[in-house]
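Going by the numbering used here, the first residue of the sequence shown is number 2, and it counts up by one from there. All C-beta atoms, glycine included, are put in the ideal place defined by N, C-alpha and C. Note that the structure is predicted; figures quoted are calculated from it, not measured. Only one structure is covered here, and it is reproduced in the block below.
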Amino acid sequence: MFLEVLGRYFNEVHPEEEFVDQTYNALSELNFSAENTIACIGVCRDEISQPLVELINDRWGYAFNMSSLAGMFLAGLTGLKASMHHAPNMDGKERYIFYSFPHIAIDGSGKIGVCNRVGRESESSACGALGAIQKELTAGPLNTELDNDDIELSLMKSRLAREITDRDIPDLLELTKVVQKAIQDDLEAALSKVVDPGKCDYAVIAGIQIHGPDQNYISPVSMYAIVEGERQELEIAPAAKQA
Ligand SMILES: [Zn+2]
């Protein structure tokens, strides 16, 4: 049932570990390596999102942390510039990779937003922050005032209010896709302000992290590298068929 739901809502899905290996290999062909590149990661704070961070750290070395609730890009220009200033530049070139993923759970029966967590009896949910926003949207317009007791969530709401009209309330899956696009738009807008393509090559690997009953998966939405100022789409092999 899980695989059926996965296939229904996502065009392309890869087991997480395979995905990190394949993106590493595709970028190796464009001269990105663990030695000459800094990886930056934006995922949710949720502990079930962290295996992806571990896999990226294993492949690329310790990555710069851009994470926040739901993986929103809240690090801003300051965070982005900091990560860029930390990149290796021994060969006269700086290289960055941005892995950017909000997340959603799908349980064994295909229920969207639902997962089981080790050591907890009842079922749990992911992404919790997006679930809270989806509930608030269903009840009425989002409160977009800055809440000092809940800074990140209130920043998320004010950002997402720009994407969602009151008449068109997304379900959790649709909201996750809206968020994915907003995160990528914000990252790319920030990159366009600070990257000097004359001295930097970089890659954006963006999509949705999916927590299945057996393992985590990645559904890529956009994967490209800018090398010598030229955009190149990254191709990776389709996942082996699931049993
Ligand atoms: Zn989350």
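Can you say whether residue i is buried or exposed, counting buried as having 16 or more other CB atoms within 10 angstroms of its CB?
i	result
Thr139	exposed
Glu95	buried
Met91	exposed
Leu245	Outside the displayed range of the chain (2 to 244) lies residue 245, so it cannot be described from this structure.
Thr166	exposed
Ala244	Because Ala244 sits at a pLDDT of 42, beneath the cut-off of 50, its placement in the model cannot be relied upon, and the point is left open.
Gly114	buried
Ile170	exposed
Thr24	buried
Arg60	buried
Thr79	exposed
What do you reckon, is the C-beta of residue i under 6 Å from a heavy atom of ligand 1?
i	result
Ala71	yes
Ala130	yes
Cys245	Nothing about residue 245 can be reported from this structure: the residues present for the chain run from 2 to 244 only.
Asp47	yes
Using only alpha-carbon positions, find the residue among the options that is nearest to residue i.
i	options	result
Glu13	Ala226, Ser220, Gly230 and Ile227	Ser220
Lys182	Ala106, Arg163 and Arg168	Arg163
Ser68	Phe99, Asp202, Val196 and His212	Phe99
Val228	Val205, Thr145, Pro103 and Gln210	Val205
Ala40	Val179, Glu5 and Leu81	Leu81
Tyr97	Val195, Glu122 and Asn144	Val195
Thr38	Ser50, Tyr63 and Leu56	Tyr63
Ala190	Pro198, Gly77, Lys136 and Asn144	Gly77
Pro52	Glu231, Ala226, Thr177 and Tyr218	Tyr218
Beta-carbon of residue i versus every beta-carbon of chain D: anything under 7 Å?
i	result
Phe99	Chain labels in this structure do not include chain D; a single protein chain is all it has.
Original post:
Can at least three beta-carbon pairs, one atom from the segment 16-24 and one from the segment 224-244, be found at a separation below 8 Å?
Top reply: yes
Original post:
Would you say the segment 156-168 touches the segment 64-81, given that touching needs at least three Cβ pairs under 8 Å?
Top reply: yes
Original post:
Does the count of Cβ pairs from the segment 4-12 and the segment 78-88 closer than 8 Å reach three?
Top reply: no
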